[in-house]
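These notes are about the structure you will find just below.
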Amino acid sequence: MTKRIETRPLAVITAFAAVGLFALVVWMLYIAQGVLVPLAFATVVAFVLWTVVDWMSRVPGLRQLPLILRHGTVLALFVVAIFLLISTLRSNGEVLVQRLPAYSTNILGLVAELDAKFEIDKHIPGGLSKIVTSNVDLQGVARQSLGALGSLGGLIVLILLYTSFLMLEYTGFVKKLHMAYPQGDRASQLIALSTDINSRIGGFLAVKTVINIILGALSYFGLKIMGIELAGFWAIYIGVLNYTPYLGSAAGVVAPSLMALAQTGDLKHAFLTMAILSALQFIIGSLIEPHVMGRRINLSPMMVLVSLASWYSLWGLPGAVLAVPMTVIILAVLGAIPFTRPAAILLSNDGRIGEGRRD
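With this note's numbering as the guide, the letters of the sequence shown map in order to residues 1269 to 1627.
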């Protein structure tokens, strides 16, 4: 009885310490987001690039290349792809700004047509036209969007810088671990943890990237068939947003459909565009992706939703994009520590922790 009474205060103190530590970590993540967000993106990107480097080591003809050369080649290709992406977004953004007056005219014409057809002005003073002209400012939206693109460009440059250093540091990572922990198996445990995270994150994002490229390409052809302008811009938009679970798919359908409405001023054309994009999202996201991805990330659907909401509340849209990768990293770390392993099992999809599953 005495032993049980003595252990209760210790358990209470431990619980309060754990809650306090968790609150401190969350607070630090929030106030340091300016530094941590690009670093988190760079870490996730580095995991993907390391996966590509590992793949090169298994390809005949490429495996003979020195490790530093494989790292440099993959990093160079990534930098070229990013600058091509930025150039495409910038040129399309400039075209979009030039065509905004025509889009405004189309929307106002559609609203006036709806007012006349349904006699909305009899029920609402001024009709829908007054509401739209008073509350919708396409020029302002365009200015905000271009400003966001400028901020995104600065973020991407910082991510590239961090990623470059992470790729360079990787070559000496294992050697430094063995120097830091010359005795025992601590170095081997940390290497195994790093390998597990790399298998989960790198494999997941590498396959996800291929799927998003396919989705973007199919969306491009669908938008071209519908005659939607700036199809390349919207294809990139759809592919990038598809990294964000649930919300990205919805935004990838709604925004291009509104673009179709602004361009044509025709509701039927906009709804048909929405139907085509929704069908592509369903085929890729619900039929092909689960079959290809299998159980790579091993997160329960509920945990995906909770992580999405939590990271979005901390870091906004960048947090939503990073939600799944960051949660998988945390899950792998929790699973490697005996004290927190039960929590990792509860958060996982099937209770299996410690292996990057590919089935």
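Even glycine gets a Cβ: it sits at the ideal position worked out from N, Cα and C. Bear in mind the structure is a predicted one, so any value in this text is a computation, not a measurement.
Taking the beta carbon of residue i as the centre, do at least 16 other beta carbons fall within 10 Å, making it buried, or is it exposed?
i	result
M1269	Model confidence at M1269 stands at a pLDDT of 47, short of 50, so the residue's coordinates are unreliable; what they give is reported in the following sentence. So M1269 counts as exposed.
V1312	buried
T1282	exposed
P1453	The displayed chain sequence assigns Asp, not Pro, to residue 1453. Its Cβ having fewer than 16 others within 10 Å, D1453 is exposed.
Q1531	buried
P1586	buried
S1575	buried
A1279	exposed
V1589	buried
G1471	buried
G1329	exposed
S1467	buried
I1299	exposed
From the options, pick the residue whose C-alpha is nearest to that of residue i; which is it?
i	options	result
I1544	V1365, I1493 and N1510	I1493
F1547	V1601, S1487 and R1326	Before going further, note that residue 1547 is Ala rather than Phe in the sequence given. Nearest of V1601, S1487 and R1326 to A1547, Cα basis: S1487.
N1510	A1370, A1485, A1528 and A1285	A1485
I1213	L1289, P1306 and P1328	The shown model of the chain, from 1269 to 1627, leaves out residue 1213, and the question about it has no answer.
L1573	A1291, T1595 and K1444	T1595
K1476	L1423, F1346, S1517 and E1557	E1557
F1351	A1291, G1422, G1329 and Y1371	G1422
M1527	V1560, L1368 and L1429	L1368
Y1371	R1609, L1529 and M1571	L1529
V1478	G1500, A1460 and I1504	I1504
L1429	I1469, V1347 and I1299	V1347
In angstroms, rounded to a whole number, what distance separates the CA positions of residue i and residue j?
i	j	result
S1568	L1615	7 Å
A1612	L1498	44 Å
R1326	R1338	12 Å
S1462	R1358	37 Å
L1304	L1473	20 Å
V1287	A1591	22 Å
R1625	W1502	At R1625, the pLDDT of 43 sits below 50, so the modelled position is not reliable; the number obtained from the coordinates is stated separately. For R1625 and W1502, the distance between alpha carbons rounds to 33 Å.
Q1549	P1277	53 Å
L1382	L1535	10 Å
I1392	A1519	30 Å
Y1580	A1538	30 Å
P1593	E1437	21 Å
A1349	I1399	43 Å
F1386	V1521	28 Å
W1295	L1602	20 Å
P1606	L1599	13 Å
I1424	F1284	39 Å
I1388	L1378	13 Å
L1335	V1560	29 Å
P1610	A1523	42 Å
A1604	L1345	34 Å
V1508	G1395	38 Å
G1440	A1460	16 Å
Could you pull out every residue in the same chain whose Cβ sits closer than 7 Å to the Cβ of residue i, ignoring the five residues on either side in sequence?
i	result
V1342	L1317, V1320 and V1321
In chain order, what residues of the same chain lie with their CB nearer than 6 Å to the CB of residue i, ignoring the 5 residues before and after it?
i	result
V1363	none
Q1301	W1583
Y1449	A1455
T1431	A1310, V1313 and A1314
I1506	G1484, S1487 and G1520
I1597	I1465
V1293	none
M1570	none
A1308	L1590
Step through the CB atoms of chain B and report whether any lies within less than 7 Å of the CB of residue i.
i	result
I1469	Here there is only one protein chain, and chain B is not present.
Between the beta-carbon of residue i and the beta-carbon of residue j, is there less than 7 Å?
i	j	result
N1374	G1533	yes
S1525	T1512	no
S1517	G1490	no
L1445	L1458	yes
Excluding sequence positions up to five away, which residues of its chain have a Cβ less than 8 Å from the Cβ of residue i?
i	result
K1271	Bear in mind that a pLDDT of 48 at K1271, under 50, signals an unreliable position, so the model cannot answer this.
R1331	M1324 and S1325
T1356	G1500, F1501 and I1504
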